Amino acid sequence: MSSFKPPAVLLDELGIAAPNQIHIEGIAQYCGATVVYEPLHGCEARIIGVGDRAIITVRADAPRSRQRFSAAHELGHWMRDRGRIAFACDQQKLTREWDDENPERRANRYAANLLLPQRMFVERAARLQPNLESARQLASVFDTSLTATAIRLAELGPLPSVVVCTRGGERCWSTRSPIVPSQLRVRSSVGRSTVARGLAEGREGGTATVDSDEWFDAVGASDYVIEEHSTVLGGGFVLTILSWKTEEQLVALEEDDDGGDGRDDRPTFAGRRRR
Amino acid sequence: MSSNDDVKRYSALMDALADHAEGMTDEQVLADVRDAGRDVAADAEAMRQSLLSAVTRAKSARLIRAAEAHTLALERLKVPVVAIPNDPVRRRRLLDRSLARRPEVQQMMTVAYRDGKSLPEDDVESLLKQLASLGALATDDE
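In the order they appear, the protein sequences are chains A and B.
According to the numbering used here, the stretch in the first sequence is residues 1 to 275, in order.
According to the numbering used here, the stretch in the second sequence is residues 1 to 142, in order.
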């Protein structure tokens, strides 16, 4: 019999109803995995399990938000591969592997769903703009990493956004709000005028309005501008949240996709979200 | 009268009340409650909240127990189960033997330390201790 429990089931079984009740060590112990904090030299966290017991080791000197995410990530491995498991996950895997369907991505998803539960997150993100300030605010509430929180904000926030991780101006991964059209593809090498590229070259980070085609390969992208919010993550990675002040570009892409002119009943951001 | 008789009389009274309540229609019950000056909706909501609260407390108790179990598990992990060799070469051999007993784990370790990385010496000792506490450490003479 599978012992896999989705995060929502675990949270319900343990009566967890608020972010400050998400006690990752207790949750893991409930699942048979003991979380310990020790000096680790070869990885960010690891799990070794035999039978129905496991030990999750997390680097003792990592920031608390990263420790929590690492522990939840290893718990994700444990829930999927209990009984035959030994994983060691470094920081690059935890930062980089959000877009490929593999055990690391699944473990990242598990951790995000456990530490940033949909219902709790949606109600707290309801009035927030998609930018780094909002992501930091939510990361503080949920005690999670900026990356994981930014991704969740794109997935569950009220306004459309795209989250991109780059290194040296090259895209590592990206994720988007469900309402952002799929034909808006993030360039594999971002434009020279982007804040992210500037950060990679040692310039200041922050927020800027940039031409959409600096970030996206899409028909007519150069006709629009987007808001870019970029910051350095460490390890040479740059995290960027892209958002729109107006919806014209997204509507135009949808019209292209539908083949209609879309002039009647043109949806607003809020209306699109409810669809 | 003995206390035994009191219990019998009390039980008979409660049985009679229960029989009476069972024989009443819903409308009669609601009318009785209203005649007693009570707000049926408020009573029902209070009961619902009371039951929900009891369920939440029972669920939360699981997390509290798990957190306590975590504290105990940490204490147990501090107690050495077996002596780990001081010599790095012997330590590495012991780890290899322990993993060889469990090919599925060995395979995963290979995956875990892919990209040309090997398990650093500093991490071997803690891994051996953890394998020991999980009962998966090979013996020195295996």
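Ideal Cβ placement from N, Cα and C applies to all residues, glycine included.
Everything numeric in this text was worked out from a predicted model, so none of it was measured.
Sequence-distant residues of its chain with Cβ nearer than 6 Å to residue i (five each side left out)
i	result
Arg59/A	Leu40 and Glu44
Arg114/B	Residue confidence is low: Arg114/B scores 42 on pLDDT, short of 50, so the model does not pin down where it sits. Its coordinate-derived value is still stated next. Hits under 6 Å: none found.
Ala270/A	In this prediction, Ala270/A scores a pLDDT of 48, lower than 50, which makes its location untrustworthy; the coordinate-derived value is nonetheless stated afterwards. Nothing meets the Cβ criterion.
Thr110/B	In this predicted model, Thr110/B has a pLDDT of only 46, less than 50, meaning its place in the structure is not dependable enough to derive any value.
Asp5/B	none
Option nearest residue i by Cα separation, candidates the options
i	options	result
Leu52/B	Leu138/A, Gly15/A, His229/A and Val251/A	Gly15/A
Arg197/A	Val36/A, Gly168/A and Ser174/A	Gly168/A
Pro6/A	Phe69/A, Ile55/A and Trp78/A	Trp78/A
Asp124/B	Thr139/B, Ala132/B and Leu95/B	Sequence inspection shows Val at residue 124/B; the Asp mentioned does not correspond to that position. Among Thr139/B, Ala132/B and Leu95/B, the Cα nearest to that of Val124/B belongs to Leu95/B.
Val251/A	Val180/A, Glu214/A and Asp61/A	Val180/A
Ser65/A	Cys172/A, Asp143/A, Gly157/A and Asp213/A	Asp143/A
Leu72/B	Thr166/A, Gly236/A, Ala33/A and Gly235/A	Ala33/A
Val195/A	Cys165/A, Ala148/A, Leu115/A and Gln183/A	Cys165/A
Ser212/A	Ile56/A, Asn102/A, Trp244/A and Gly51/A	Trp244/A
Glu204/A	Gln29/A, Thr246/A, Arg185/A and Val238/A	Val238/A
Ile84/B	Met14/B, Ala69/B, Lys129/B and Asp32/B	Lys129/B
Arg53/A	Ser60/B, Val29/B, Arg38/B and His70/B	His70/B
Ala18/A	Arg119/A, Asn102/A, Phe4/A and Glu104/A	Arg119/A
Arg106/A	Glu254/A, Ala72/A, Glu247/A and Thr57/A	Ala72/A
Phe216/A	Gly202/A, Glu247/A, Ser182/A and Thr246/A	Ser182/A
Glu25/A	Gln249/A, Ser70/A and Glu214/A	Ser70/A
Ile55/A	Tyr30/A, Gly42/A and Val225/A	Tyr30/A
Gln290/A	Thr231/A, Val225/A and Val232/A	This structure leaves residue 290/A out entirely; chain A is present only between 1 and 275.
Glu13/A	Thr231/A, Leu114/A and Val35/A	Leu114/A
Val82/B	Thr139/B, Gln28/B, Arg93/B and Val55/B	Thr139/B
Nearest-angstrom Cβ-Cβ length linking residue i and residue j, presumed shorter than 8 Å
i	j	result
Glu170/A	Ser189/A	6 Å
Tyr37/A	Gln67/A	7 Å
His306/A	Ala136/B	There is no way to answer for residue 306/A, as the model of chain A reaches only from 1 to 275.
Ser193/A	Glu227/A	Rounded, the Cβ-Cβ distance is 14 Å, inconsistent with contact.
Leu184/A	Leu253/A	6 Å
Ala8/A	Pro117/A	7 Å
Whole-angstrom distance between residue j and residue i, CA atom to CA atom
i	j	result
Arg273/A	Leu153/A	A caution first: Arg273/A carries a pLDDT of 43, below 50, which makes its placement in the model too unreliable to give a value.
Arg62/B	Gln21/A	12 Å
Gly116/B	Ile48/A	Any reading at Gly116/B must be qualified, since the residue scores a pLDDT of 41, below 50, and its modelled position is unreliable; the value itself is stated next. So the two alpha carbons sit approximately 20 Å from each other.
Leu128/A	Leu119/B	43 Å
Ala21/B	Ala58/B	31 Å
Ser140/A	Glu74/A	22 Å
Lys8/B	Arg34/B	31 Å
Gly191/A	Gly234/A	21 Å
Ser133/B	Glu75/B	12 Å
Arg80/A	Pro80/B	30 Å
Met24/B	Ala16/B	13 Å
Leu10/A	Ile27/A	8 Å
Thr57/A	Thr147/A	21 Å
Asp26/B	Ala36/B	15 Å
Val50/A	Phe4/A	16 Å
Tyr10/B	Asp19/B	14 Å
Gly42/A	Ser60/B	36 Å
Lys78/B	Asn108/A	30 Å
Asp61/A	Gly76/A	22 Å
Met14/B	Val35/A	53 Å
Thr231/A	Arg46/A	28 Å
Ile64/B	Pro63/A	25 Å
Same chain, Cβ closer than 7 Å to residue i, neighbours up to 5 away in sequence not counted
i	result
Ile241/A	Pro130, Asn131, Leu132, Ala135, Ala150, Ser161, Val163 and His229
Pro88/B	Glu121
Arg91/B	Ile84, Pro85, Val124, Glu125 and Leu128
Leu30/B	Val40
Ser3/B	none
Contacting residues, own chain, Cβ-Cβ under 8 Å from residue i (five flanking each side not counted)
i	result
Leu131/B	Leu95, Ser98 and Leu137
Ala200/A	Thr166, Arg167, Gly168, Gly169, Gly236 and Val238
Glu155/A	Thr175, Ser177 and Pro178
Asp32/B	Met24
Gln49/B	none
Gln137/A	Leu128
Query raised in the report: Quick check: the segment 85–100 of chain B against the segment 40–55 of chain B, are there 3 or more CB pairs under 8 Å?
Result: no
Query - Given 8 Å, three or more beta-carbon pairs between the segment 113–130 of chain A and the segment 203–223 of chain A - result: no
**Report entry** Segment contact, 8 Å Cβ cut-off, at least three pairs: the segment 175–183 of chain A with the segment 198–208 of chain A
**Finding:** no
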